[in-house]
Structures are given as structure tokens and as C-alpha cells.
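Keeping their order, the protein sequence lines are chains A and B.
In terms of the working numbering, the first sequence opens at residue 1 and continues consecutively.
In terms of the working numbering, the second sequence opens at residue 208 and continues consecutively.
Ideal Cβ positions, reconstructed from N, Cα and C, are used throughout, including at glycine.
No experiment lies behind these values; they were computed from the predicted model shown.
Beneath this line is the structure, given in C-alpha cells, with notes to follow.
2 protein chains.
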Amino acid sequence: MSETSLCPTPRTRIRRHPERGSYETAEIHAILDEAYLCTVAFHDGETAHAIPTACWREGSHLYIHGSNGSRLLRALADGAPSCVSVTHLDGLVFARSAFHHSMNYRSVALYGRFEAVQGEAKRRAISAFMAHLTPERADQIRAADEQELAATTVLRIAIDEAVAKRRSGPPVERAGDEALPVWSGVVPLKLTRGEPVPAPPQEVENA
Amino acid sequence: MSETSLCPTPRTRIRRHPERGSYETAEIHAILDEAYLCTVAFHDGETAHAIPTACWREGSHLYIHGSNGSRLLRALADGAPSCVSVTHLDGLVFARSAFHHSMNYRSVALYGRFEAVQGEAKRRAISAFMAHLTPERADQIRAADEQELAATTVLRIAIDEAVAKRRSGPPVERAGDEALPVWSGVVPLKLTRGEPVPAPPQEVENA
């Protein structure tokens, strides 16, 4: 394992389409950094769960947060083995046959256990989240006070057992199909920002 | 349970922010129908996995498919208890305090076990997938031949233990924060289609 590449493990080794896999930390980090949401899977002893939640990366850890009352966070804080999935859908790949249709995407699968982030590190982590989410406003918003911090759980998972997987480019047709009279190519997809909608003045929570 | 609403179960009952939950099948179906991808969680006896894969709905089932060699599909075809997650991120909710930031989203959590779809039903399911993915081309593309069908696994899961969860609208501030001199509101997010990119003529797979 180099400093810039992770070791494949039995859980992260890509068996099908190995050319679509990458263990390069730069690529894994870039995919995570573009994400606002991840989906966390864990098993509670009875059943598997898949729960979407906000995420952000700092250094070689991925962070999540939420209310102390969250079932997800309580289960993960207890050290449940977890798998975090992040996926960006980049395009629909339209071939001339049904079988050769595909999707362009970039995804990360990350295995490990979360740990709680406490004290000053928790405060710094939340600041980093705001800098990730809204860099131009991060210095202007009111920071969390002691009560808000105490009500919030922050967890992190080391990015050391992870793999990126991605497909890009045009469809690959079966030889002979290229003459079929149907359009083929890629329809790109992108999560785009719309026009900001200012909040009305009256939205405050009940005291 | 009415014909248009599912019963909450211990796995799908929303405890925090119950006002954000819905068991209405129309709402659950609408969220699933807008999705190209779901994330499937299951436990293989040793570890939890979260794997993104294409999905489509027909009636009261959600379908996935892939190569017979896929580890995901083989584990699920064996009847592993699963949780399917679909999430649409609709906006970033910027409050005047760090604590009151949020996200607008629509998500579904669906629990159950997948079952294999065989024979003529498999052929019909793949046609339905093409109609979902590319309705205007579905009648023009070459349908899967026997060999392609035989190489493909199609699975489905009943949508009978599921819940939708969503947030929409502006931030909710702490009373007193509304005077802080920082922008607040929602930045909408939407997965949008870009300009189609026609395939170059030479992309055919090796025979």
C-alpha cells in the first residue's frame, strides 16, 4: 500500500469489471467531496438497514452527524460494522440493444466502524461541515452554542478500506448492432443548483 | 391498512419527525418512479453491504437486474433480508445558524426479501425497464436475445413494508436568529439532463 493508494481487501476487491475500480485515495476523496449525502448500511442484529444521511470528509475520515436521539447514530456509535455508499449518477448510456444499456457513474464503497467525535474536535468538525456545505456563508452564520453542540452527535469513519468504482464514455455495442437505426449515445446527468429561494421572514421554531 | 396506505412496522415506523413520514403508496411509488438508482443493503453473515444498482417499479414490486455473476444478485437471490434506499436530494436549506441547516429530500426505505423473476416474466420486466429508462426508444432497440436473457438475473421485492420520508420548504430558525445579517433560504437541487452525446461509430465489443 502506497501513501496514495489503499490496499484492496476481500470486501473491496472488484471482481467484475476490475477496470472500473480504483483504490487511489485522490479519486476516492474526490468522489466523497462531491457528495452531500451518503447511504449507511449496518445490521442491528436482526435486520439490515440502509439510511441516507449528510456527510463530509476531512483528511482521511468521513463524517456524519445528527441528533443524539437518532437510531442510526446510536447504532453506529456502538461500533456496528458499517458500509457507506456514495454514488454520483453521471449519465444514461443508451445502446442499440436492451442488453448493452448502461449507466455512467462514480461511486465509493467504504467499510469500517464509526467512532464518536467529542469536545473541541466535534466543534471543529461541524465548522468543517459548514465550510463544505456553504463556504461563502460559513464565517457569517451563528456557530452552534453549548446546548446545540450537546444535542448533536458527530461520528467519523476512517477512509482506509474503500474502493471507487466508475464507468464513463459511450455505449459498447454488440458487433452487428451498430447498423440498427436507433439513436445511441449518452445523456449526461448532473445535480444542478437552481435559483436560490430566500426564506420568508416568519419561519422561527417554537420556543 | 387501506388499499392506498401501508401499515407501519417496527422497521418502518418514523419516530423522529413523524410529520416527515408517509405510508401512502402513491407517494412511495412516485419517489421510486423518479429514481434510476437505489442502494441495497444486506448482511452476508459477516458484514453489511450497501450497493448501488439500477431499479424500476412495476405495480407493487421494485425490480433490479444484473449479471448472473454479480455477488449482490447472488446474495439477494438466496433470500437475504434486505433494505432498499432511494433518495432524491431536492435542496440545501441554509439557516442563519449552523444548527438549523438542513436538506430538502424525498426518500424511501423498503424492507423485505428479493425473489427471482423467471421466464416470460423476466422478458416482460426487462421491457418495462427499457420503457422506464428510455420510453421514446424502447420500441426501436433490439430486444434481448435468449443468450443475453440467460446471462441476466432479474430480481424483485414487494413494496409492502416501506415508508417515504421527506422535508421541503424553508429553514426554521431559532427565535432571535432571524435578525442575524446572513442570507437564509433554500438552494434547490435537481438531477438534470444535459445535451445528448451521440456515440462514435466504432464502439463495439470484442466478439
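Could you tell me which residues DSSP puts in a beta bridge with residue i?
i       : result
A98(A)  : Looking at the DSSP assignment, A98(A) forms no beta bridge with any residue, so it has no partner.
A41(A)  : A50(A), C83(A)
V393(B) : V197(A), V300(B)
T360(B) : G273(B)
R349(B) : S97(A)
L110(A) : V84(A), A162(A)
Y105(A) : L89(A), R167(A)
Check the C-beta distance from residue i over to residue j and give it rounded, since I have them as a contact under 8 Å.
i       : j       : result
Y36(A)  : L296(B) : 6 Å
F301(B) : G392(B) : 6 Å
F129(A) : H65(A)  : 7 Å
A41(A)  : T153(A) : About 18 Å; that fails the 8 Å criterion.
V291(B) : A50(A)  : 7 Å
V404(B) : G298(B) : The Cβ separation is near 28 Å, so there is no contact.
A48(A)  : A255(B) : 6 Å
A158(A) : H61(A)  : 6 Å
Count the other CB atoms, across all protein chains shown, that sit within 10 Å of the CB of residue i; report buried if there are 16 or more and exposed otherwise.
i       : result
E173(A) : buried
C214(B) : exposed
D384(B) : buried
R13(A)  : exposed
V293(B) : buried
M1(A)   : Note on M1(A): pLDDT 46, under 50, position unreliable in the model; no value is reported.
R264(B) : buried
R124(A) : exposed
N275(B) : exposed
E161(A) : buried
G319(B) : buried
H100(A) : buried
T341(B) : buried
T9(A)   : exposed
T39(A)  : buried
M310(B) : buried
H224(B) : exposed
A121(A) : exposed
T260(B) : buried
T232(B) : buried
R156(A) : buried
A109(A) : buried
R222(B) : exposed
R106(A) : buried
P378(B) : buried
Check residue i in the structure and name its three-state DSSP category.
i       : result
V404(B) : strand
R168(A) : Here the sequence assigns Ser to residue 168(A), which means Arg is not the residue at that position. Residue state, collapsed to three classes: coil.
T25(A)  : helix
L340(B) : helix
E161(A) : coil
E148(A) : helix
G273(B) : strand
R264(B) : strand
E115(A) : strand
E173(A) : strand
A328(B) : helix
L398(B) : strand
A128(A) : helix
E226(B) : helix
M1(A)   : Because M1(A) carries a pLDDT of 46, less than 50, the predicted location of this residue cannot be relied on, and the following value inherits that uncertainty. M1(A): coil per DSSP, three-state reduction.
A179(A) : helix
R11(A)  : coil
D240(B) : helix
L6(A)   : coil
L76(A)  : helix
Worksheet item: What residues from the stretch 339-358 of chain B come within 7 Å of chain A, judged by C-beta to C-beta, listed N to C?
Response: L340, T341, R344, Q347, I348, R349, A350, A351, E355
Worksheet item: What residues in the stretch 55-68 of chain A bring their beta carbon closer than 8 Å to a beta carbon of chain B?
Response: Residues of the stretch 55-68 of chain A with a C-beta less than 8 Å from any C-beta of chain B: S67, listed in chain order.
Worksheet item: Relative to chain B, which residues along the stretch 158-181 of chain A have a C-beta separation below 7 Å, given in chain order?
Response: Those residues of the stretch 158-181 of chain A that come within reach of chain B (Cβ to Cβ, closer than 7 Å) are P170, P171, V172, E173, R174, A175, D177, E178, L180.
Worksheet item: Of all the residues that make up the stretch 28-53 of chain A, which are near chain B by a beta-carbon distance shorter than 8 Å?
Response: Y36, L37, T39, V40, A41, F42, H43, T47, A48, H49, A50, I51, P52
Worksheet entry | Residues from the stretch 210-235 of chain B in contact with chain A, defined by Cβ distance under 8 Å | R218, R222, R223
Discussion item. Closer than 8 Å between beta carbons: that is the criterion. Which residues of the stretch 181-199 of chain A meet it against chain B?
Written reply: P181, V182, W183, S184, G185, V186, V187, P188, L189, K190, L191, T192, R193, G194, E195, P196, V197, P198, A199
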